[in-house]
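The block underneath contains the structure these notes are about, expressed in structure tokens.
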Amino acid sequence: MDTGTVTADAAGTWTLGDLTVNRMGLGAMRLTMTADGGPSDRGRAVGVLRRAVELGVNHIDTASFYFSALRSANELINTALAPYPEDLVIATKVGPGKDASGEWLPLARPEQLRGQVEENLRQLGRDHLDLVYLRQAGLESVAEHFGALAELREAGLIRQLGISNVRPHHLPQAQAVAPVVSVQNAYGLGYRPRHDQFLRDCAAQGVAYVPFFSLATTGREAGASGVEDAEVRAVAAERGVSPVQVRLAWTLGRSPNVLAIPGTGDPDHLVANVAAGALRLTDGDLARLEAVHRRGE
């Protein structure tokens, strides 16, 4: 596969309410740190963001709590891309938070969410946020928290709403409050196959499904220090691509409503990830990979 000429539109598009994005996007968390947890190189991270836009990526996923000792994902995005392209959709998340030392804080209360939204606005240099996810942790009902975000949407601070880290029963709870354009959950080849039906239910309702950790292998990210499944390696070798590209192509192939947001701070990996949007797995490939998926937790 000639990775140098493939752009993000090769994966097709999806509409998030009134926002159309290419299905191959970029997750910003890995821009802030190296694989060993140290601070990333600022110039390289800025370069990756600019290269992503050049390659047609118009969906970037971030959060104010994506930061390392020296780097903030939102600040990097602002530096690299402002003034922002008109078609660029920046999705962010609220609910969790970290203190200045990077330690996790308790999940925000509904009345604290406005402060988190405003923090993202300041860091990104925006007067509104394109897409905001309520990322829940331990809530039986998301209605009250989601209601607080719906009020901010009515006030014009947020354009579209989504929910993250949720179970299937959370979706109708949120939908009863305000429209939900996307669900963001941990999911991937061989990772949480129990969410297959939830993905299909979202598709039936026109709700995007945005997997994070879609490159998971044995609890780690493929291409880093994870141990890749032999069948995935075999399919990759036969197709002349990398295992990461196979995983991304499988993810996109699950349903037209699936949006990929692989994270990387490496410009070469970015090009290869985007190129995976043009990879079409055969029925034989998919049958072999389905067996891998079914073995997942």
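The opening residue of the sequence shown carries number 1 in full-length UniProt numbering; numbering runs sequentially from there. Yeah, the Cβ is synthetic: ideal placement off N, Cα and C, and Gly gets one too.
Query	Result
Considering only residues of the region 35–82, which uninterrupted alpha helix (DSSP H) runs meet the minimum length of 4 residues and lie entirely inside it, listed in chain order?	42–54, 73–81
How long is the line joining the alpha carbons of Q175 and R51, rounded to whole angstroms?	36 Å
What number of angstroms, rounded off, separates the C-alpha of T34 from the C-alpha of A45?	10 Å
Return the first residue and the last residue of the beta strand (DSSP E) that L124 is part of.	Premise fails: L124 lies in the alpha helix (DSSP H), 113–124, not in any beta strand (DSSP E).
Assuming S164 and K93 are in contact, meaning their beta carbons sit under 8 Å apart, how far apart are those beta carbons, in whole angstroms?	6 Å
Please determine, among A69, L49, R192, the residue with the shortest C-alpha to C-alpha distance to D61.	L49
Give the secondary structure of Q160 by DSSP, where H, G and I count as helix, E and B as strand, and everything else as coil.	strand
By a C-beta neighbour count over all protein chains shown, 10 Å radius and 16 as the cutoff for buried, is S141 buried or exposed?	exposed
Is DSSP giving C202 helix, strand or coil here?	helix
My understanding is that V210 touches V181, with C-beta atoms under 8 Å, so please give their C-beta distance in whole angstroms.	Contact doesn't hold; Cβ gap of about 10 Å is too wide.
Here's the rule I'm using: 16 or more other beta-carbon atoms within 10 Å means buried, otherwise exposed. How should P168 be labelled?	exposed
Specify the secondary structure class of G219 as computed by DSSP and reduced to three states.	Residue confidence is low: G219 scores 48 on pLDDT, short of 50, so the model does not pin down where it sits. No coordinate-derived value is stated.
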